[in-house]
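Colleague: First, the structure itself, so that you have it in front of you.
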Ligand code: ZN
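Numbering (my numbering), first residue to last: 9 to 696.
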């Protein structure tokens, strides 16, 4: 489904699996308001915990950099409603009606119903819509539709966002079935083979068209001889009207006009305070893209963006990820603004400087190796604001751009977001997870000593080198693996990282302190892939999300292939199941073997083999083990998913209105932030 050998990737941390780890970097300086009293935990509801992340170093930036970040952060927040609408065409109506009730209801707020209503609102905020952000299943309210109708009708209609003068009754008729009927739009994105993926997905990327029609529509556009193809379909909705299939482009003057116009306004201000001419050109080209919707301009922007490696402040803003689209073409709107973490970046620079060595020594068939690895730029960043698809659930690493040929010719930028992983680590300290699931004190000691470091290194290797290694054989279609492409690509990058974590070269490069450290990541990866990530799957369900499928695939495959030698096994102790690694050397060999096979599948475009690998090892769940893991996990009372609130930036102005400083504060809670965003950054019509 994805864009060939390389694609944009976002790594999500498996929250809850890093209990007790000590973070490597110490961002705390009292100057930044980040000391031992910093509250990492903000809110807890349903299966979610909301955290807060520190932005160490912000106060030490120059005024110009602070202002730049401020403008870019405004641009990052303006796109929020685009994502909501992309996820489902009823999302904005449902959210605004719920918020209208939440802010204006005068009745009894001490009831169970009201509390469930509040939780529901918090859940849909977290998911940017009515479908769970991770499982993509529709979130079913724990209050009745009768209760909902009553509270909606009790509020003064003048305070409610009913569309086009629609009355409460009409609005309820429209949204109640969507909210409450489990059979209507049950899944944001359906990946189950054998059905029309568009018809069975609730995303708002398509309307009135079949999968076949969309595929034909884009196949006609594509020219197989085009060496520099645009990312077809990235910025549009496909609609059939009067029998004609056409695109509604997301641009100024097109679909999402109002939000995009505001984004452009902030970007124009940002261009005025850019750090250098190159960065200014990046921002201006992005503005051109938003104005024209021209995908050639987007490529032009991507090339300029990837080439700008010297600016201190950086950002992503646009239609980027294609994970939410069952056909892997449509970009979900996202934004992240950041600045470089100089100290930690030395680590990734070492990796990048040795990129060719890693490629040459990779255990894959030489035919699939790149003779020249280029353009691997890597840095560790400090996130300053998260927006769109990066908020509240947040990636910990990003690798862009997505376009195959741009990556091949111009390289890619790869980042690890260390203040986010740091916040995860701090929030998870002493939560009992490792005590419950790790086999013995040996593994727990390893984890304590090396867990954070090897975890960060795994992310670095995955992002800086993993996705960028290897090549397709001539004539192989980058989309050949279709719906399995995403999982296999993640597996490839993970395996690359795992294989090299155990390489003595990393000790030689001083990236790891000794030859024991990698075992920590090996153990945790296996424990997670084979067992503990099941905490995120509901009973009776299979694994669907690409990153989770990839981790299950790797863990289950090596367990089976290493069975004869008992390399990694399940062991029982007091009726509890544990993962035990008996032979770390052989485990590394197995990672290498699987890497070679996944690379072969990718390079040859071997769809059948890829499908078999994913379906055999990456999808199914052992119901007995699943039940046990869920029961043990439940006792810990941890939230399987984490989201974040953003810090608040405020300009300080002098008598003439000139900005003299930007302050940062961390005291906004989850509800206040969501409601404020809905007030300040919500200009789209209810239905688009
Ligand atoms: Zn990845």
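We put the CB at the ideal spot given by N, CA and C, even for glycine. Values in this document were obtained by computation on a predicted structure and should not be read as measured data.
On the DSSP bridge assignment, give the partners of residue 584 in chain order.
Modeller: Reading the chain shown from its first residue, position 576 is the one you call residue 584. Per DSSP, 581.
Colleague: How about residue 677 and residue 50: do their beta carbons lie closer than 8 Å?
Modeller: Taking the chain shown and counting its residues from 1, one reaches residue 677 at position 669. Taking the chain shown and counting its residues from 1, one reaches residue 50 at position 42. Yes, the pair counts as a contact, with Cβ atoms nearer than the cut-off.
Colleague: What would DSSP say about residue 277, mapped onto helix, strand or coil?
Modeller: Reading the chain shown from its first residue, position 269 is the one you call residue 277. In the structure shown, residue 277 sits in a helix (DSSP, three-state: H, G or I).
Colleague: Between residue 623 and residue 139, what straight-line distance do the alpha-carbon atoms span, to the nearest angstrom?
Modeller: Locating residue 623 in the chain shown gives position 615, counting from the first residue. Locating residue 139 in the chain shown gives position 131, counting from the first residue. Rounded to whole angstroms, residue 623 to residue 139 spans 24 Å at the Cα level.
Colleague: Let me check understanding here. Comparing Cα to Cα, which of 584, 513, 589 lies closest to residue 571?
Modeller: On the chain shown, position 563 is the one that residue 571 refers to. That would be 589, whose Cα lies nearest to the Cα of residue 571.
Colleague: Are the beta-carbon atoms of residue 76 and residue 342 separated by less than 8 Å?
Modeller: Working through the chain shown from its first residue, we reach residue 76 at position 68. Working through the chain shown from its first residue, we reach residue 342 at position 334. Contact flag unset, no.
Colleague: In terms of residue numbering, what span does the alpha helix (DSSP H) encompassing residue 160 cover?
Modeller: Numbered from 1 along the chain shown, position 152 holds the residue referred to as residue 160. Run containing residue 160: 153-162, per the alpha helix (DSSP H) assignment.
Colleague: At the level of alpha carbons, what is the spacing between residue 267 and residue 85?
Modeller: As a working note, residue 267 is residue 259 in the chain shown. As a working note, residue 85 is residue 77 in the chain shown. In a straight line, the C-alpha of residue 267 is about 10 Å away from that of residue 85.
Colleague: Bridge partners of residue 467, per DSSP?
Modeller: As a first step, residue 467 is located in the chain shown; it is residue number 459 there, counting from the start. The partner list for residue 467 (beta bridge, DSSP) is empty, contrary to what the question assumes.
Colleague: Within the region 188-246, note down every full alpha helix (DSSP H) run reaching 4 residues or more, in order along the chain.
Modeller: Runs of the alpha helix (DSSP H) inside the region 188-246: 219-229.
Colleague: Enumerate in chain order the residues of its own chain whose CB-to-CB distance from residue 512 is below 7 Å, with the five nearest sequence positions on each side excluded.
Modeller: The sequence position of residue 512 within the chain shown is 504, counting from 1. The answer, listed in chain order, is 523.
Colleague: Would you please state the rounded distance, in angstroms, between the beta carbons of residue 83 and residue 292? I believe it to be under 8 Å.
Modeller: For this step, residue 83 is matched to residue 75 along the chain shown. For this step, residue 292 is matched to residue 284 along the chain shown. Not really, about 13 Å apart at Cβ, beyond 8 Å.
Colleague: Does the distance from the C-beta atom of residue 751 to that of residue 600 stay below 8 Å?
Modeller: Here the chain has residues from 9 to 696 only, and residue 751 is not among them.
Colleague: Answer yes if the region 96-108 comes into contact with the region 251-266, meaning at least three C-beta pairs across the two stretches below 8 Å, and no otherwise.
Modeller: As far as the Cβ criterion goes, the region 251-266 does not touch the region 96-108, which means the pair count is below three.
Colleague: Taking the alpha carbon of residue 69 as the point to measure from, which residue in 484, 460, 350 has its own alpha carbon closest?
Modeller: Counted from its first residue, the chain shown places residue 69 at position 61. For residue 69, the nearest C-alpha among the options comes from 350.
Colleague: Exposed or buried, what is residue 35 when buried is set at 16 or more other beta-carbons lying within 10 Å of its beta-carbon?
Modeller: As a working mapping, residue 35 is identified with position 27 in the chain shown. Summary for residue 35: the model assigns pLDDT 41, below 50, so the residue's position carries little reliability, and this model does not support an answer.
Colleague: Could you tell me which residues DSSP pairs with residue 539 in its beta bridges?
Modeller: Translated into the one-based positions of the chain shown, residue 539 becomes position 531. DSSP lists no partner for residue 539.
Colleague: Three or more C-beta pairs closer than 8 Å, one from the region 493-501 and one from the region 549-567: is that the case here?
Modeller: Yes, since at least three Cβ pairs between the region 493-501 and the region 549-567 fall closer than 8 Å, the two stretches touch.
Colleague: Under the criterion of a Cβ to heavy atom distance below 7 Å, does residue 470 qualify as lining ligand 1?
Modeller: Taking the first residue of the chain shown as position 1, residue 470 is located at position 462. Checking every heavy atom of ligand 1 against the Cβ of residue 470, one is found closer than 7 Å.
Colleague: Considering just the uninterrupted stretch of the beta strand (DSSP E) at residue 340, what are its terminal residues?
Modeller: Residue 340 sits at position 332 when you count from the first residue of the chain shown. It spans 340-348 - the beta strand (DSSP E) in which residue 340 sits, taken as one unbroken run.
Colleague: Output the residue ranges of the alpha helix (DSSP H) runs that lie fully inside the region 294-378 and measure 4 residues or longer, sorted by chain position.
Modeller: The region 294-378 contains these whole alpha helix (DSSP H) runs: 303-315, 350-361, 363-368.
Colleague: Going by DSSP in three states, residue 448 sits in which element: helix, strand or coil?
Modeller: Mapped onto the chain shown, residue 448 falls at position 440. Looking at residue 448 - three-state DSSP - the assignment turns out to be coil, as it is neither helix nor strand.
Colleague: At a cut-off of 7 Å, is residue 553 close to ligand 1 when judged by its beta-carbon and the heavy atoms of the ligand?
Modeller: Locating residue 553 in the chain shown gives position 545, where the first residue counts as 1. No; taking the cut-off as 7 Å, the Cβ of residue 553 has no heavy atom of ligand 1 nearer than that.
Colleague: Which same chain residues end up closer than 7 Å to residue 92 when comparing Cβ atoms and leaving out the 5 residues on each side of it in sequence?
Modeller: The residue given as residue 92 occupies position 84 in the chain shown. Contacts found: 99, 100, 103, 136, 137.
Colleague: List the residues that DSSP assigns as beta-bridge partners of residue 652.
Modeller: Sequence index remark: in the chain shown, residue 652 carries index 644 (1-based). In DSSP, residue 652 forms a bridge with 59.
Colleague: For the beta strand (DSSP E) holding residue 668, just list the boundary residues, first then last.
Modeller: Numbered from 1 along the chain shown, position 660 holds the residue referred to as residue 668. Residues 667-673.
Colleague: Residues in the same chain with beta-carbon distance under 7 Å from residue 240, minus the five sequence neighbours each way, listed in chain order, please.
Modeller: The residue given as residue 240 occupies position 232 in the chain shown. Once the five neighbours on either side are set aside, the close Cβ partners of residue 240 are 226, 229, 230, 337.
Colleague: Measuring alpha carbon to alpha carbon, tell me which of 582, 584, 567, 583 ends up nearest residue 576.
Modeller: Numbered from its first residue, the chain shown carries residue 576 at position 568. It is 567.
Colleague: Please classify residue 429: does DSSP put it in a helix, a strand, or coil?
Modeller: Along the chain shown, one-based indexing puts residue 429 at 421. Correct three-state label for residue 429: helix.
Colleague: Is residue 501 near ligand 1, judged by its Cβ being under 7 Å from some heavy atom?
Modeller: Taking the chain shown and counting its residues from 1, one reaches residue 501 at position 493. Because some heavy atom of ligand 1 lies under 7 Å away, the Cβ of residue 501 counts as near it: yes.
Colleague: Measuring only the C-alpha atoms, how far is residue 518 from residue 595?
Modeller: For the purposes of this step, residue 518 is taken as residue 510 along the chain shown, with counting starting at 1. For the purposes of this step, residue 595 is taken as residue 587 along the chain shown, with counting starting at 1. Near 23 Å, if we compare the C-alpha coordinates of residue 595 and residue 518.
Colleague: Do residue 670 and residue 655 have their C-beta atoms closer together than 8 Å?
Modeller: In the chain shown, the residue the question calls residue 670 occupies position 662. In the chain shown, the residue the question calls residue 655 occupies position 647. Cβ distance not < 8 Å, so residue 670 and residue 655 don't count as in contact.
Colleague: Whole angstroms is fine: what's the gap from residue 454's alpha carbon to residue 528's?
Modeller: Translated into the one-based positions of the chain shown, residue 454 becomes position 446. Translated into the one-based positions of the chain shown, residue 528 becomes position 520. About 5 Å.
Colleague: Which same chain residues, not among the five before or five after residue 333, have their C-beta less than 6 Å away from its C-beta?
Modeller: For the purposes of this step, residue 333 is taken as residue 325 along the chain shown, with counting starting at 1. Only 213 meet the Cβ criterion.
Colleague: Leaving out five residues before and five after residue 514 in sequence, what residues of the same chain have Cβ atoms less than 6 Å from its Cβ?
Modeller: To locate residue 514, count along the chain shown from 1; it is residue 506. Closer than 6 Å at Cβ, skipping near neighbours: 520.
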